[in-house]
Amino acid sequence: MTILRIALPIPKRQLFDYSYQGQTPELGCRVQVPFGSRTLVGVVWEIAEQSQWPENKLKAVIKLLDTQAVFNSTQLKLCQWLASYYKHPIGDVVQTALPVALRKGVANQQKLQQYWCLTEQATKLELSELKRAPKQQALIETLRHATMEKSQVNQDFGSATSKALLNKGLIELVEQSYEDGEPWSAQIKISEKPQANVQQALAISSIEAKLGEFGCFLLEGVTGSGKTEVYLQAIESVLLRGQQVLILVPEIGLTPQTVYRFKHRFGIQVGVLHSALTDNERLEVWQQSALGQLGLIIGTRSAIFTPMLKPGLLIVDEEHDSSYKQQDGLRYHARDLAVMRAHTENIPLVLGTATPALETLNNALSGKYQHLQLPVRAGDAAMARQQVFDIRQQPLEFGLAKGMLERVALHLKQGSQVMLFINRRGYAPALVCHSCGHVEQCHSCNKPFTLHKSLYKLQCHHCAAAKPIPKRCENCHSGELTSQGVGTEQLEQGLADYFPAYKSVRIDSDTTRGKNKLDDMLNKINNNEFQLLIGTQILSKGHHFPNVTLVIILDVDGALFSADYRAAEHLAQLITQLAGRAGRAEKPGEMWLQTHDPAHPLLQDLINNGYGHFARYALLERQQANLPPYSFQALFKAQALSARDAHEFLQQVADFFSGAEGVMCLGPIPALMEKRQGQYRMQLLLQSNQRGLLQQALNQHVGSVEALPLATKVRWSLDVDPQDFS
DNA sequence: AGCACGCCGACT
DNA sequence: GTCGGCGTGCTC
């Protein structure tokens with residue numbers, strides 16, 4: 001009898017055995033199996049002759065769903081690695097790696113390609129007959145040159161346009177198998193490319209020299225130094241070899257312009273994977289890539305799982321970006337997985353950024369990665385000059401010092417745009433009673449409510465809680481409630497009142513919610529419709545603001561004195577990214593950092609010597625403090641309605657690890673956010689100087705942790721290489 | 001995870 | 001008497 005050992009979407013670190021009659025399937029095929037009272041879709045992970053499970057309790061596979069495995073050998077290996085490195089249940093890993101449609105058990109068969117072409121009637125048509133329908137006219141015009149895929153038409157013209165033309169009998173839908181279409185390798189047309197400068201050429205040839213084998217590159221290029229051109233020329237070589245390229249970009253960086261740039265350069269279809277796709281659209285890209293029908297695939301974090309028939313190159317753009325680390329479930333880092341993937345596929349990997357993560361820089365400095373540098377800014381770019389502004393004993397108006405307001409006025413008068421950066425949404429981060437000092441707090445999170453004046457609400461930024469703004473203090477009933485601190489909303493309002501002649505806009509997650517809203521706003525900004533730009537993190541990600549000549553960061557102190565040892569690194573990345581995206585050669589920008597500690601060594605190092613120097617200094621500090629990347633961490637988190645349960649559970653976990661060789665055990669201690677959404681949160685940090693020892697200890701004990709009686713009572717997770725300690 | 005089983009309180 | 005609350009435990 002054949003026993004199939006199945007990975008099921010169940011949070012247990014084990015496989016489930018089923019009997020199977022018939023020809024033995026490949027590993028990586030999906031099956032439908034009975035599980036308790038339900039039926040589940042799982043993946044054949046191992047094949048055995050016999051089972052540990054008593055034969056009378058063994059159930060049979062209901063149905064084999066694939067004749068060909070949905071995972072190729074590379075993906076099987078990567079899943080295996082993920083499960084073993086992150087100590088995560090294999091079934092859950094498989095679940096994460098598979099597109100939703102395939103998880104549900106739909107057939108993994110490619111649909112027919114559908115594209116629109118003109119009917120005979122349309123060839124005789126005078127375009128002027130459609131002059132009242134410009135969109136239809138444009139589509140006809142486009143189709144006169146070439147047929148176009150249905151999905152592409154929907155994206156570019158909208159489905160209403162094609163429907164109208166279909167009804168008029170001017171266009172028709174033609175179907176064919178993707179395999180019958182012209183392959184992308186035959187479609188490549190390289191449009192004109194710029195001449196690479198010396199450093200770019202060196203970087204390109206270094207990458208090209210590694211094609212066909214494993215190699216990891218850190219491409220460190222200041223903003224505007226032409227990283228993308230290096231990508232493009234390396235991609236070109238790979239495509240011309242008939243191989244595929246997978247590019248990862250940060251969540252916010254996947255804009256139509258990014259995609260257009262690649263599509264336009266090579267004249268081929270680009271597979272795009274982002275969060276807004278439907279399950280079927282995602283599956284389609286996955287299938288096309290797996291069958292080698294796409295030359296280029298661009299996507300966010302989870303795109304790293306997309307299979308390729310003929311892989312040639314991996315690129316992780318803005319590799320320092322924190323969105324590459326998944327923060328729930330399987331807490332993998334897409335950049336680290338990319339390294340593993342490049343290794344198993346035997347292809348090169350390029351990690352590109354202006355501000356490398358300290359882990360990555362360390363690997364480059366130690367020679368593990370090849371370090372490619374682009375120090376010169378090409379074309380019309382110039383880095384904004386960075387300076388600190390001492391705000392000790394300075395009165396602040398809506399968070400801004402007087403001297404800063406004067407700078408703002410000056411730049412506005414010169415017809416430039418001004419950008420103000422503050423990492424707090426809302427009007428004010430707290431509402432305080434002036435007579436008794438009581439602060440309005442969210443009862444589920446024990447954190448101050450954020451005041452949102454425009455919404456007439458107090459909102460908790462850690463859970464969904466919100467309530468009307470109270471008139472009186474809930475403690476002493478005094479009517480003197482005052483706001484404490486400054487958020488984007490207050491800053492915008494203050495500036496709007498102070499500079500009534502100029503238009504202001506606020507760019508944060510409150511105002512950019514909704515499809516294309518951010519994109520619209522950015523376009524309007526670059527059309528000079530606004531002069532005062534107030535925003536959060538979002539501003540630093542991937543967008544250029546050539547008309548901005550003044551950037552002010554209001555609150556750098558928070559990050560300099562944070563309990564999170566990565567906060568300074570993130571602040572430096574933010575400052576450097578912002579400085580690189582404002583201004584241009586004939587209109588260089590200036591940047592001011594408001595601080596109470598103008599002499600802070602990290603801050604001084606950053607503004608005087610640049611990110612590269614700062615990062616090396618910060619690495620030295622990490623080394624002295626024995627922090628990552630010089631040590632290795634794993635973080636157990638637990639949350640429960642009672643703080644005692646969470647603590648008790650982690651104490652038992654700590655007891656397992658207390659004797660582990662070379663592993664230090666810190667905790668259990670309350671998490672930085674002690675309470676969230678009504679749950680008490682604790683954590684236990686494990687640290688070792690050797691990755692191997694930490695892994696060994698985890699291997700030895702996760703099983704026992706999982707088996708603890710309390711493990712079913714509290715919500716717990718294990719985060720290997722944690723990024724976020726909140 | 002999700003579902004059944006089970007043991008207690010408030011309803012027609 | 002039963003409907004349903006969610007604690008516990010199991011699933012090949």
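In full-length UniProt numbering, the protein residues as written are 1 to 726.
Backbone N, C-alpha and C fix where the C-beta goes; we use that ideal spot for every residue, glycine too.
Distance from the Cα of residue 106 is smallest, within the candidate group 64, 549, 567 and 473, for 64.
Relative to residue 500, the option among 506, 660 and 492 whose CA is nearest is 492. Here the alpha carbon of residue 91 sits roughly 46 Å from the alpha carbon of residue 505. Within the model, the alpha-carbon separation for residue 293 versus residue 102 is close to 19 Å. Each residue's CA atom was taken as its position, placing residue 178 and residue 112 some 7 Å apart. CA-to-CA, the gap between residue 313 and residue 370 works out to about 15 Å.
When Cβ pairs closer than 8 Å are counted between the two stretches, the region 138-152 is seen not to touch the region 234-251, the count staying below three.
Taking a cut-off of 8 Å for Cβ pairs, the region 257-264 and the region 211-218 do not touch, as fewer than three such pairs fall below it. Residue 94 and residue 36 have their C-alpha atoms roughly 20 Å apart. For residue 231, the number of other beta carbons within 10 angstroms of its own is at least 16, and it is reported as buried. Between residue 44 and residue 27, the C-beta spacing is below 8 Å. According to the DSSP assignment, residue 173 belongs to the beta strand (DSSP E) that extends over 171-176. When the beta-carbon positions are compared, residue 711 and residue 649 come within less than 8 Å of each other. When the Cα atoms are used, residue 362 and residue 324 turn out to be separated by approximately 18 Å.
The region 664-674 makes no contact with the region 590-601; the number of CB pairs closer than 8 Å stays below 3. Looking at the DSSP output, residue 115 bridges to 149 and 174. Take residue 337, set aside five residues on each side of it, and the residues of its chain with a beta-carbon closer than 6 Å to its own are 304, in chain order.
The bridge partners DSSP lists for residue 390 are 595. Exclusion of the five residues before and after residue 307 leaves 71, 72, 74, 75, 286, 289 and 290 as the residues of its chain whose Cβ lies within less than 8 Å of its Cβ. Put simply, of 89, 66, 138 and 137 the residue whose alpha carbon is nearest the alpha carbon of residue 109 is 66.
In the assembly as shown, residue 533 is a buried residue. Its beta-carbon has 16 or more other beta-carbons within 10 Å. Taken in chain order, the complete alpha helix (DSSP H) segments of 4 or more residues contained in the region 468-519 are 488-498. Runs of the beta strand (DSSP E) lying entirely within the region 582-661 and spanning at least 3 residues, in chain order: 590-595 and 632-640. Cα atoms of residue 517 and residue 272: separation of roughly 20 Å, rounded to the nearest angstrom.
If you ignore the 5 residues before and after residue 220, its C-beta comes within less than 6 Å of the C-beta of 356 and 373, all in its own chain and listed in chain order. The criterion of a C-beta distance shorter than 8 Å is not satisfied by residue 640 and residue 541.
Beta bridge pairing from DSSP links residue 682 with 638 and 670. Excluding sequence positions up to five before and after residue 588, its CB lies within less than 6 Å of the CB of 382, all in the same chain and listed in chain order. Listed in chain order, the beta strand (DSSP E) elements of length 3 or more contained wholly in the region 202-282 are 215-221, 244-248 and 270-273. Annotated three-state conformation of residue 190 is coil, per DSSP.
In the DSSP annotation of this structure, the continuous segment of the beta strand (DSSP E) that includes residue 419 starts and ends at 417-421. Looking from the CA of residue 390, the closest CA among 568, 401 and 13 belongs to 401. With fewer than 16 other beta carbons inside 10 angstroms of its own, residue 672 counts as exposed. In this model, residue 723 and residue 706 are separated by some 23 Å (Cα to Cα).
Residue state for residue 348 is assigned as strand, using DSSP reduced to three classes. Judged by pairs of C-beta atoms under 8 Å, the region 606-620 touches the region 567-581, as three or more such pairs exist.
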